[in-house]
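**Student:** In the working numbering, the protein residues as written are 26 to 786. Think of the CB as a built atom: it goes at the ideal place given N, C-alpha and C, for glycine as much as any other residue. This is the structure I have questions about; it appears just below.
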Ligand code: SF4
């Protein structure tokens, strides 16, 4: 039976904001990026506070950028070691405007719900704990003590610790994350869903299975040593802008770049380096030598076509394969059976263009493969990333300088949080080490990941939801289902810096606990503290806030976790929660005894630039059971859509970081002042009777359920036939909760089957 779900407007207002269009850019950054960086920073934080924050951003002894997880150079740091998006992130946090109790007295929850996510972020910093009591329309102040008592009371009321969920966002520091997972396990559950369940879980799963570590293997200086850099499903110009500096250096050292993406992204075409006079004057370094505008989810077919050609031409590294890998014969057999008509149809590319890049790869031994959400959020994401590994293994391109895998992480400490034990499926060694250090046996049964957590709330199996950062409602799929799931809870707790939509959809009781930002002075009983993070390349480094906190009532994340734990667990297991949170060196001492690779943590993290965590595949040692890298074989996923159907991927604008909306423009794509747009191929528009700027409704179709998102403006765009792109979170409502990647359970936000109809008002 067909069921129709439409999207209540208060979950995401549907009004249009005044679309303007221009030319798409052919290069990223340059003078405009500098102007935008300063305008954002000075506009939100003020000239003094803003300039001070920028001067400290990504410097030794400074503040680690809260935005993406791209690494900083090991040795030298330039005066402006940040990008436009780093500046926007720091400005967003250093915002000098404030939300006080009067704000919540003025606006009801319903009124706040009518405003956009952009408006929410523009209201300033949260300044004191607030509670939304059952039946009330307004948040009201609550003391920290009462807030922690309320949490403890609701946790104690549960029939089982597994009825509580503890979510983590990728901004959380190592210290807060370690304490949090310790509290959750001491409470008695492994329900630790996190944002990586929705982004690079597919990468971690694929890499763990094939090379024995769920992380990338390259360092920043490998880029200058590479012969070829393959960039799949990634838009570095917007999402990891300082990666462009690494790509520029690689090009200057002679590397070739192959970009694989359904959209022609400015940051893959060229880079105007704002650190150089030429870049400021508008001269761009061309980046991609080959640009393959693959169909959405056509990467797997492309990779297999390339590997088939390498095998046919004997361009494989046989000694490496024999010595370091297993499973080659099965891979060869499966590729031999694959026919070219399927490869061409499913990739959306010509055989000639695939042959061109195969020839380049066949001549190269030092290949780096980078990717992001364009690979990870599909049903076959794990298998596709395993194909990336297959390709590199065929060329012997893992475990040597200038070569390896590089999943580029989107949030500054998402990798570190997992290292610290934020994992619903904890490995045995972690539980044993916790038992040895803290004297209690943590639960072994697996907890819920993000999708399972939503299902548990929806079905009444979970009743308390705590979020350490993030904007859960906007980050997750199937917005209406997630909203209902949150409403089913007895208590929802959001530990936050600024107002967001997750504060407006709560359990019977909702708490907002405002915390210090990474930019701010974190003063505890033992003095000012610093925290640590781990970037995409496994470097652990310190970050010390230097700005005056937005309010005297803010607590740090480690202290919030410690007080929550102390109030809930008391002296159970004798863990000195408040002592640990009063001196983060004490937390780091515990980490050094529980997490491998963190020996002498306090000493090594004080070294300039921090330290690298061990990464055996980087040195050519694979940490699998057989000590060999594994070739993988899987069926090719084929798409056969109905004539009226399109494949939709959700993307970010340039004025956006994950769910944080800094502005309404998507400058590089030439789209301004409007987020409710759908990018379509000209032929699809003609076929479906649509014109430029037609107003349409979007409908996704999954397992007999139709989900609808209303009021989108059609824009003709350079995108392969049958493919469309829309911005999230506006179209998260179309992403079915139950449509997830095999093995990693990541929502398939990049391949949603939709139809489009004229808008019905
Ligand atoms: S590249 Fe990423 S980490 Fe670096 S400044 Fe930009 S947003 Fe921050």
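Is residue 631 buried or exposed, if buried means 16 or more other CB atoms sit within 10 Å of its CB?
**Tutor:** Counting Cβ neighbours within 10 Å, residue 631 comes out exposed, since fewer than 16 surround it.
**Student:** For ligand 1, list every residue whose C-beta falls under 7 Å from any of its heavy atoms, going in chain order.
**Tutor:** Residues flagged by the Cβ proximity filter: 82, 83, 90, 92, 93, 94, 95, 107, 108, 110, 111, 114, 265, 266, 267, 268 and 437.
**Student:** Roughly how far, in whole angstroms, is the beta-carbon of residue 395 from the beta-carbon of residue 254, given that I think they are within contact range, below 8 Å?
**Tutor:** With 8 Å as the limit, residue 395 and residue 254 qualify as a contact, their Cβ atoms being about 7 Å apart.
**Student:** Give me the DSSP bridge partner(s) of residue 691.
**Tutor:** In DSSP, residue 691 forms a bridge with 696.
**Student:** Taking DSSP's pairing of strands, which residues face residue 566 in a bridge?
**Tutor:** DSSP, once it has assigned bridges, lists 558 as partnering residue 566.
**Student:** If you check the beta carbons only, do residue 762 and residue 503 fall under 8 Å apart?
**Tutor:** Yes. Within cutoff.
**Student:** Using CA atoms only, rank isn't needed, just tell me which of 658, 67, 51 and 82 is closest to residue 405.
**Tutor:** Nearest of 658, 67, 51 and 82 to residue 405, Cα basis: 658.
**Student:** Secondary structure at residue 787, three-state DSSP: helix, strand or coil?
**Tutor:** The structure shown does not extend to residue 787, since the chain spans only 26 to 786, so no value can be given for it.
**Student:** Based on Cα-Cα distance, which residue from 469, 448, 447 and 686 lies nearest to residue 457?
**Tutor:** The option with the nearest alpha carbon to residue 457 is 469.
**Student:** Apply the 10 Å Cβ neighbour rule to residue 26 and answer buried if 16 or more other Cβ atoms are within range, or exposed otherwise.
**Tutor:** Caution is warranted here: a pLDDT of 31 is assigned to residue 26, below 50, making its placement in the model unreliable, and the coordinate value is therefore given only provisionally. So residue 26 ends up on the exposed side.
**Student:** According to the Cβ coordinates, are residue 174 and residue 592 closer than 8 Å?
**Tutor:** Yes; because the gap between Cβ atoms is below 8 Å, this pair is in contact.
**Student:** Extract the residue ranges of the alpha helix (DSSP H) inside the segment 322–377, only unbroken runs of 4 or more that lie entirely within it.
**Tutor:** Within the segment 322–377, the complete alpha helix (DSSP H) runs of at least 4 residues are 324–337, 343–349, 353–362 and 365–372.
**Student:** Below 8 Å on the Cβ atoms is my contact criterion, and I expect residue 500 with residue 684 to pass it. Report the Cβ-Cβ distance as a whole number of Å.
**Tutor:** Residue 500 to residue 684, Cβ: 5 Å. Contact.
**Student:** Is the separation between the beta-carbon of residue 498 and that of residue 507 shorter than 8 Å?
**Tutor:** Yes.
**Student:** Taking the straight line between their C-alpha atoms, what separation do you get for residue 284 and residue 617?
**Tutor:** Cα-Cα distance, rounded: 40 Å.
**Student:** For a test of the three-state rule: what should DSSP assign to residue 122, helix, strand or coil?
**Tutor:** It is coil, neither helix nor strand.
**Student:** Taking just the CA atoms, how far does residue 759 sit from residue 28?
**Tutor:** Residue placement at residue 28 cannot be trusted, given a pLDDT of 41 that sits under 50; what the coordinates show is reported in the next sentence. Residue 28 and residue 759: Cα-Cα distance of roughly 13 Å.
**Student:** Could you check whether the segment 642–651 touches the segment 235–242, counting it as contact only if at least three pairs of C-beta atoms, one from each stretch, sit closer than 8 Å?
**Tutor:** They touch, by the three-pair rule.
**Student:** Report the three-state DSSP secondary structure of residue 139 (helix, strand or coil).
**Tutor:** Residue 139 falls in the helix class under three-state DSSP.
**Student:** Return the chain-ordered ranges of every alpha helix (DSSP H) run that is complete within the segment 664–747 and spans a minimum of 4 residues.
**Tutor:** 707–712, all fully within the segment 664–747.
**Student:** With a threshold of 16 other CB atoms inside 10 Å of the CB of residue 597, please say whether the residue is buried or exposed.
**Tutor:** Flag for residue 597 reads exposed.
**Student:** Answer yes if the segment 51–59 comes into contact with the segment 287–306, meaning at least three C-beta pairs across the two stretches below 8 Å, and no otherwise.
**Tutor:** Yes: the two stretches touch, three or more of their Cβ pairs being nearer than 8 Å.
**Student:** Just curious, the beta strand (DSSP E) that residue 490 is in, first and last residue?
**Tutor:** Where residue 490 is concerned, the enclosing beta strand (DSSP E) stretches over 489–493.
**Student:** From what residue to what residue does the alpha helix (DSSP H) around residue 302 run?
**Tutor:** Here the alpha helix (DSSP H) through residue 302 covers 302–305.
**Student:** Sort out for me which residues DSSP pairs residue 249 with in a bridge.
**Tutor:** Residue 249 is not bridged to any residue.
**Student:** Leaving aside the five residues before and after residue 352 along the sequence, list all residues of the same chain whose C-beta is less than 6 Å from its C-beta, in chain order.
**Tutor:** Excluding sequence neighbours, residue 352 sits near 655 and 656.
**Student:** Skipping 5 residues on each side, what residues in its chain have a beta carbon closer than 6 Å to that of residue 31?
**Tutor:** The predicted position of residue 31 is uncertain, since its pLDDT is 45 and thus under 50; no value can be drawn from it.
**Student:** Here's the rule I'm using: 16 or more other beta-carbon atoms within 10 Å means buried, otherwise exposed. How should residue 61 be labelled?
**Tutor:** With 16 or more Cβ atoms within 10 Å of its Cβ, residue 61 is classed as buried.
**Student:** So, under 8 Å CB-CB, residue 778 and residue 670 are touching, yes? Tell me the CB distance rounded to an integer number of Å.
**Tutor:** Yes, residue 778 and residue 670 are in contact; Cβ-Cβ is about 5 Å, under 8 Å.
**Student:** Which partner residues does residue 150 have in the DSSP bridge list?
**Tutor:** Looking at the DSSP assignment, residue 150 forms a beta bridge with 123 and 523.
**Student:** Mapping DSSP to helix, strand and coil, what is residue 782?
**Tutor:** Strand at residue 782.
**Student:** Closest to residue 310 by CA distance: which of 324, 277, 342 and 320 is it?
**Tutor:** Minimum Cα distance to residue 310 is reached at 277.
**Student:** Following the continuous beta strand (DSSP E) through residue 396, name the residue where it begins and the one where it ends.
**Tutor:** Start and end: 392–396.
**Student:** How far does the alpha helix (DSSP H) with residue 278 in it extend, from its first residue to its last?
**Tutor:** Element bounds for residue 278: n/a, residue is neither H nor E.
**Student:** So for residue 750, helix, strand or coil by DSSP?
**Tutor:** Here residue 750 sits in strand by DSSP.
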